[in-house]
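Here the structure is laid out as structure tokens; the discussion comes afterwards.
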Amino acid sequence: KCENLDCSLNGICHFESCICDRPWTGPQCSVLKFKPSSARMKSGIYATTNFNTWSGPIVYDDATGYHHSYVPVYSNGSLLKTTDLLHGMSHSATGPYLWKSMGFNDGLNPAMLTFPDRKTGKIQYSIWIANTVRISPNPDGPFRPIMNVSLPNVNNAAPVYHKGMFYMTSQRTSTIWVSPSIQGPWDVFSEINVDVPSGTVLEDPRMWIDTRGNWHIICHAYDTSQLHNCSNSVVSAHLFSVDGIDWHRSLEEPYGHKVEFMDGSSHIYSTLERPYLVQNPT
Numbered sequence: 051k052c053e054n055l056d057c058s059l060n061g062i063c064h065f066e067s068c069i070c071d072r073p074w075t076g077p078q079c080s081v082l083k084f085k086p087s088s089a090r091m092k093s094g095i096y097a098t099t100n101f102n103t104w105s106g107p108i109v110y111d112d113a114t115g116y117h118h119s120y121v122p123v124y125s126n127g128s129l130l131k132t133t134d135l136l137h138g139m140s141h142s143a144t145g146p147y148l149w150k151s152m153g154f155n156d157g158l159n160p161a162m163l164t165f166p167d168r169k170t171g172k173i174q175y176s177i178w179i180a181n182t183v184r185i186s187p188n189p190d191g192p193f194r195p196i197m198n199v200s201l202p203n204v205n206n207a208a209p210v211y212h213k214g215m216f217y218m219t220s221q222r223t224s225t226i227w228v229s230p231s232i233q234g235p236w237d238v239f240s241e242i243n244v245d246v247p248s249g250t251v252l253e254d255p256r257m258w259i260d261t262r263g264n265w266h267i268i269c270h271a272y273d274t275s276q277l278h279n280c281s282n283s284v285v286s287a288h289l290f291s292v293d294g295i296d297w298h299r300s301l302e303e304p305y306g307h308k309v310e311f312m313d314g315s316s317h318i319y320s321t322l323e324r325p326y327l328v329q330n331p332t
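Sequential numbering from 51 applies to the sequence shown in our numbering.
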């Protein structure tokens, strides 16, 4: 007899097999099942080649039916130096988006977190970049910086809000911090100790808590010894936990290098980094 942990916490155990939640599939519900992408997506969601970027978060606004994306622009030839932060709007998560400058540049690796205002209950939108957090009651801003924020010295934050508390992990996917306030102070909640093959590095996490209260992280993974045949290299990982303290790793990668398109073609990418989740509003 299996347990829900045997289903990667992406489904429930029924006798000796897993019933997987969509879009997870496989004997242990550990692989994401994707629909073929629009052929337009071969050139990305940006509908322009006028800027250099490395992706950003997308959030859905139920009130307007728009998806909002927040994408840093990098200097030509750079993946570290940013020059602007763009806000895009689209009726579809896959675009095309209408882009405009947000008027500020706080750096790379933005994260988006929505949470209810404790006084009014209205949804607040927050952008996290390095040690700066900006907040707005509207997904299209304006976003004002929160003063006196005391964040751990992190890069590439992956925040979640759960039962009145803020939680966050960061680039190396090794520690989770907790705070009752978005301003801090932050304390260590848990260490993410999972077995990974020798040479494998986890980074670029996205963390969420599902409707059953289970914790999940999806992240980029790479093996420092895999210098050739990149299309067959390690590329992703899924971590899961019942309580956010005791963590496990799926033995299968949640996604691979191949992307299929509606026109019947496909493309194998050498790497797919910085995954972002677009979750259903319900």
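Positions of the beta carbon are idealized from the N, C-alpha and C atoms, including for glycine.
Membership of CYS269 in the beta strand (DSSP E) is indicated by the continuous run 265 to 273.
Secondary structure note for LYS150: its beta strand (DSSP E) is the uninterrupted segment 148 to 151. According to DSSP, residue pairing for HIS307 in a beta bridge does not occur.
Around the beta-carbon of HIS118, 16 or more other beta-carbon atoms lie within 10 Å, marking it buried.
CA-to-CA, the gap between ILE62 and ASN198 works out to about 43 angstroms. Counting the other Cβ atoms within 10 Å of the Cβ of ALA271 gives 16 or more, which makes it buried.
Burial check for ASP254: the Cβ neighbour count within 10 Å reaches 16 or more, so the residue is buried. The straight-line gap separating the alpha-carbon atoms of TRP74 and TYR326 is approximately 16 angstroms. Going by beta carbons, THR133 and GLY157 fall outside the 8 angstroms limit. Rounded to whole angstroms, the gap between the alpha carbons of MET152 and SER105 is 16 angstroms. Here the alpha carbon of PRO202 sits roughly 13 angstroms from the alpha carbon of PHE216.
HIS278 and LEU59 do not touch by the CB rule: their CB atoms are close to 35 angstroms apart, not below 8 angstroms. In the three-state DSSP reduction, ASP237 falls in the strand class (E or B). Of the candidates LYS85, GLY127 and MET218, the residue whose Cα lies closest to the Cα of GLY314 is LYS85. The DSSP-derived three-state label of CYS57 is helix.
Exclusion of the five residues before and after PHE154 leaves LEU135 as the residues of its chain whose Cβ lies within less than 7 angstroms of its Cβ. When C-beta atoms of the region 120 to 127 are compared with those of the region 164 to 176, fewer than three pairs fall below 8 angstroms, so the two segments do not count as touching. Within the model, the alpha-carbon separation for VAL109 versus SER283 is close to 30 angstroms. For ARG222, the secondary structure class from DSSP, reduced to helix, strand or coil, is coil. Spanning the alpha carbons of TYR116 and VAL123 requires a straight line of approximately 22 angstroms. In the pairwise beta carbon analysis, the region 292 to 309 is classified as touching the region 240 to 249: at least three pairs are separated by under 8 angstroms.
The criterion of a C-beta distance shorter than 8 angstroms is satisfied by PRO304 and LEU82. Of the other Cβ atoms in all chains shown, 16 or more fall within 10 Å of the Cβ of PHE193; this residue is therefore buried. In the three-state reduction of the DSSP assignment, ASN243 falls in the coil class, being assigned neither a helical nor a strand state.
About 5 angstroms separates the beta carbons of ILE196 and VAL183, which is inside the 8 angstroms limit, making them a contact pair.
For GLU253, the enclosing beta strand (DSSP E) has its first and last residue at 250 to 259.
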